[in-house]
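Participant: The structure follows.
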Amino acid sequence: MALLLQNVVLDEREPAAIAAEALGVPAADIVEAEVVRRGVDARARSAAVWRGNIRVELSNNEAGVLARNLPGVRQWSERDAVRRSGEMPARTRSWPHRPIVVGAGPAGLFAALRLVEAGAPVLLLERGEPVETRVATVNGFWRGKPLLPDSNLLFGEGGAGTFSDGKVYTRRRDGELGWIFRHLVNAGADPRVLDESWAHLGTDKIRGILPVLRQRLIDGGGEVRFNACVEALLVEGGRCVGVRLKGGEELRGGPVIVAPGHSARDTIEAMLVAGATAEVRPVAIGARVEHPQSLIDAALYPSGRGELPPASYRLAHNPPGGRSAYTFCMCPGGMVVPAQHEPGTNVVNGMSFAARRAVWANSAVIVQVGPEDYGATDARAGQRFQAAIEREAFRLTGSYAAPAQRVDDFLADRASRELPRSSYPFGLVPLDLRELLPPGVIAGMKGALLAFDQKVPGFASAAGVLIAPETRTTSPMRFARGANCESPTLPGLIPSGEGAGWGGGIISAAHDGFVVAEAVIAGG
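Next comes the structure, spelled out in structure tokens:
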């Protein structure tokens with residue numbers, strides 16, 4: 087039997103010493119103590135601390151400790167043990183056809199991995215490059231080389247998450263989610279992602295993890311093909327039976343799992359043309375706000391940062407009768423990066439390396455928009471809305487430099503004459519963002535920035551700069567799914583992940599890949 091000690095302060099001492107003091111037992115009675123969950127608690131303005139849960143095994147008298155009804159102490163359960171292991175046995179079956187997975191982002195990659203565990207000879211197709219060459223391609227674009235439409239910050243092995251902070255936030259680490267996390271850790275992720283509430287991988291770590299997962303897929307009998315862009319789905323007798331690549335090559339198999347990512351508009355168009363149905367849905371747009379990390383640290387760690395990680399925040403503003411706004415994808419110690427895949431457009435996103443040592447902090451400040459803003463209700467309406475803003479942003483600057491405005495100027499409705507130093511690789515052009523973003527988004531951002539300043543002093547000061555536009559927060563449509571996760575209007579096709587409207591980040595997309603793979607395995 088073991089005990090779980092919950093919500094204790096984790097200081098510089100070993101877990102065993104912390105547990106012995108909390109339980110009121112001699113240190114010699116502690117057989118084993120390990121931290122199984124941790125997170126920074128910055129709720130008290132006086133001092134931020136690490137808090138967490140510790141699993142404790144005692145040499146004797148565990149029942150006696152439980153009988154004392156100490157706050158936050160309970161028995162370690164079988165469910166806790168399963169959660170910790172992340173075990174998820176795979177079922178095997180025969181495979182008369184080769185499953186095809188389109189897209190090597192989180193959804194496609196983890197769908198393929200799960201299918202391989204069930205003995206499937208899966209074919210994984212990715213329009214972009216493997217991560218090793220993709221990194222060089224992205225860096226080349228930032229240094230002035232042409233933008234490659236099929237391999238860039240959005241497309242390529244790992245999807246858009248490869249060039250991101252690599253957030254793996256989720257309240258649970260058990261069952262199916264535990265399976266995903268164990269794959270990540272076994273491929274080289276820091277084991278602390280199993281425990282930390284606000285864990286992240288870091289773009290540099292992701293670049294090392296992906297080749298390991300790729301090799302695991304190949305060793306399991308799968309095949310991975312890069313620079314293989316799907317331009318059409320093959321349909322026979324009303325059923326999807328394969329894909330056609332750019333260049334005309336046809337590949338047959340099934341089912342076909344399409345995990346396009348939120349920006350593969352041509353792949354999404356191919357799904358619609360083939361007969362899949364989708365509905366428009368709201369998204370959120372706005373700008374990246376960048377501050378010195380020292381400002382965020384001082385605001386959230388007023389007693390000093392010490393050994394704590396760079397401070398981060400997660401903020402929301404829901405005014406009565408107004409538009410809700412919130413921060414998204416906060417990157418402490420990170421940088422703002424170009425996130426377009428089409429020439430002549432400007433889009434921004436955020437990225438951090440694992441150590442989060444950059445001098446800036448950034449996050450999206452975004453406001454929800456929907457069909458009433460799009461001016462149409464067809465499935466593609468949100469995509470057109472996004473694209474129009476992205477093209478206008480490029481027209482306003484005349485280059486890949488991003489439109490930007492100091493936060494204090496934005497609130498005062500005046501164009502910025504000068505801008506703070508920024509992490510953005512192409513530089514910034516001072517503009518009045520009212521020229522770019524819809525009035526409802528401007529109003530929502532203004533209210534939010536003022537509200538956020540109450541929680542993070544300095545947030546709305548001249549030290550902050552808004553870098554626009556942030557439009558690719560998620561997919562503005564969702565594909566219908568029926569039995570076995572198949573498209574109800576195009577059997578044999580399984581839409582998956584964020585681009586299909588069934589995910590919203592690395593872990594949720596990866597989980598949807600697991601879900602659709604399990605549906606395929608169960609379908610026999």
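Counting from 1, position 201 in the sequence shown corresponds to residue 287 in our numbering; the numbering is continuous, with no gaps.
Glycine is no exception: its CB is placed at the ideal position from the N, C-alpha and C atoms.
1. Measure the alpha-carbon distance for G420 versus P574 and round it to whole angstroms.
2. Assign I304 to buried or exposed, taking buried as 16 or more other Cβ atoms, counted over all protein chains shown, within 10 Å of its Cβ.
3. Just verifying my parser: in three-state terms, what is the DSSP assignment at C326?
4. Specify the secondary structure class of C315 as computed by DSSP and reduced to three states.
5. Going by alpha carbons, who is nearest to E458 out of D495, R177, E604, V527?
6. Please classify Y412: does DSSP put it in a helix, a strand, or coil?
7. Drop a sphere of 10 angstroms on the beta-carbon of W432, count the other beta-carbons inside from all chains shown, and report buried for 16 or more, exposed for fewer.
8. Closest by CA to L162, which one among R154, L201, T178, V122?
9. If you run the structure through DSSP and keep just helix, strand and coil, what is P525?
10. Looking only at its chain, what residues have a beta carbon closer than 7 Å to the beta carbon of G252, apart from the 5 residues adjacent to it on each side?
11. Helix, strand or coil: which one does DSSP assign to K291?
12. Report the residue ranges of all beta strand (DSSP E) runs contained in full by the stretch 548–583; include only those spanning at least 3 residues, in chain order.
13. Any heavy atom of the ligand FMN closer than 8 Å to the beta-carbon of A447?
14. Enumerated in chain order, which unbroken segments of the alpha helix (DSSP H) with a length of 4 residues or greater are wholly contained in the stretch 129–195?
15. What three-state label does DSSP hand L233 in the structure shown?
16. Check whether the Cβ atoms of Y399 and A133 sit closer than 9 Å, and answer yes or no.
17. Reducing DSSP to helix, strand and coil, say where H427 ends up.
18. Do you know whose CA, among I354, T353, M174, N238, lies nearest V601's CA?
19. Roughly how many angstroms lie between the CA atoms of A566 and D276, to the nearest whole one?
20. Can you give me the C-alpha to C-alpha distance between F414 and P562, rounded to a whole angstrom?
21. Along the chain, where does the beta strand (DSSP E) containing P378 start, and where does it finish?
22. Helix, strand or coil: how does DSSP classify D348 here?
23. To the nearest angstrom, how far is the alpha carbon of N225 from that of R442?
24. Given that a residue counts as buried once 16 or more other Cβ atoms are within 10 Å of its Cβ, and exposed if not, what is Q426?
25. At which residues does the beta strand (DSSP E) containing N448 begin and terminate?
26. Please work out which residues of its chain come closer than 6 Å, Cβ to Cβ, to N238, disregarding the five sequence neighbours upstream and downstream, and give them in chain order.
27. Is it the case that the stretch 134–143 contacts the stretch 92–106, given that we only count it when at least three CB pairs across the two stretches are under 8 Å?
28. Below 8 Å on the Cβ atoms is my contact criterion, and I expect P489 with R503 to pass it. Report the Cβ-Cβ distance as a whole number of Å.
29. Tell me where the beta strand (DSSP E) around R220 begins and ends.
30. G247 and A595 - do their beta-carbons sit closer together than 9 Å?
31. Determine the DSSP secondary structure at D127, reduced to helix, strand or coil.
Facilitator: Taking the geometry as given:
1. Taking the first residue of the sequence shown as position 1, residue 420 is located at position 334. Taking the first residue of the sequence shown as position 1, residue 574 is located at position 488. Distance between the alpha carbons of G420 and P574: 42 Å.
2. Counting from 1 along the sequence shown, the entry for residue 304 is found at position 218. It is exposed - the Cβ of I304 has fewer than 16 other Cβ atoms within 10 Å.
3. Taking the first residue of the sequence shown as position 1, residue 326 is located at position 240. C326: strand per DSSP, three-state reduction.
4. What you label residue 315 is simply residue 229 of the sequence shown in a count that begins at 1. C315: coil per DSSP, three-state reduction.
5. The count along the sequence shown starts at 1 and reaches residue 458 at position 372. Checking every option, the nearest Cα to that of E458 belongs to V527.
6. Locating residue 412 in the sequence shown gives position 326, counting from the first residue. Strand.
7. One-based indexing of the sequence shown puts residue 432 at position 346. The sequence given here has Asn at residue 432, not Trp. N432 is buried by the Cβ-count criterion.
8. As a working mapping, residue 162 is identified with position 76 in the sequence shown. Before going further, note that residue 162 is Trp rather than Leu in the sequence given. Among R154, L201, T178, V122, the Cα nearest to that of W162 is on V122.
9. Sequence index remark: in the sequence shown, residue 525 carries index 439 (1-based). The answer is helix: DSSP assigns P525 an H, G or I state.
10. As a working note, residue 252 is residue 166 in the sequence shown. Contacts found: H286, L287, G288, T289, K291, I292, I592.
11. Your numbering for residue 291 matches position 205 in the sequence shown. Correct three-state label for K291: helix.
12. 551–556, 563–565, 579–581
13. In the structure shown, the ligand FMN is absent, as is every other ligand, since no ligand is present at all.
14. 148–153, 164–171
15. If you number the sequence shown from 1, residue 233 lands on position 147. Three-state DSSP puts L233 in coil, outside helix and strand.
16. Locating residue 399 in the sequence shown gives position 313, where the first residue counts as 1. Locating residue 133 in the sequence shown gives position 47, where the first residue counts as 1. Cβ atoms of Y399 and A133: not closer than 9 Å.
17. Position 341 of the sequence shown, counting from 1, holds the residue named residue 427. Reduced to three states, the DSSP call for H427 is coil.
18. For the purposes of this step, residue 601 is taken as the residue at position 515 of the sequence shown. Here the closest residue by C-alpha is M174.
19. As a working mapping, residue 566 is identified with position 480 in the sequence shown. As a working mapping, residue 276 is identified with position 190 in the sequence shown. Each residue's Cα considered, the two are about 36 Å apart.
20. As a first step, residue 414 must be located in the sequence shown, where it is residue number 328. As a first step, residue 562 must be located in the sequence shown, where it is residue number 476. In a straight line, the C-alpha of F414 is about 16 Å away from that of P562.
21. The residue given as residue 378 occupies position 292 in the sequence shown. From DSSP, the beta strand (DSSP E) with P378 extends over 369–378.
22. Start at 1 with the first residue of the sequence shown, and residue 348 comes out as number 262. The sequence shown places His at residue 348, not Asp. If DSSP states are grouped into helix, strand and coil, H348 belongs with coil.
23. Indexing the sequence shown from 1 puts residue 225 at position 139. Indexing the sequence shown from 1 puts residue 442 at position 356. Looking at the two C-alpha atoms, the distance is approximately 19 Å.
24. The residue you call residue 426 lines up with position 340 of the sequence shown. So Q426 ends up on the buried side.
25. As a first step, residue 448 is located in the sequence shown; it is residue number 362 there, counting from the start. Note, N448: beta strand (DSSP E), 446–455.
26. Here residue 238 corresponds to residue number 152 of the sequence shown, with the count starting at 1. Within the same chain, N238 has close Cβ partners H427.
27. yes
28. Counting from one through the sequence shown, the residue named residue 489 turns up at place 403. Counting from one through the sequence shown, the residue named residue 503 turns up at place 417. Not a contact, Cβ separation roughly 15 Å.
29. Position 134 of the sequence shown, counted from the start, is the residue given in the question as residue 220. It is not in any beta strand (DSSP E) - R220 instead sits in the alpha helix (DSSP H) that spans 217–228.
30. Along the sequence shown, one-based indexing puts residue 595 at 509. Along the sequence shown, one-based indexing puts residue 247 at 161. The answer is yes: Cβ separation under 9 Å.
31. Taking the first residue of the sequence shown as 1, we reach residue 127 at position 41. Three-state DSSP puts D127 in a strand.
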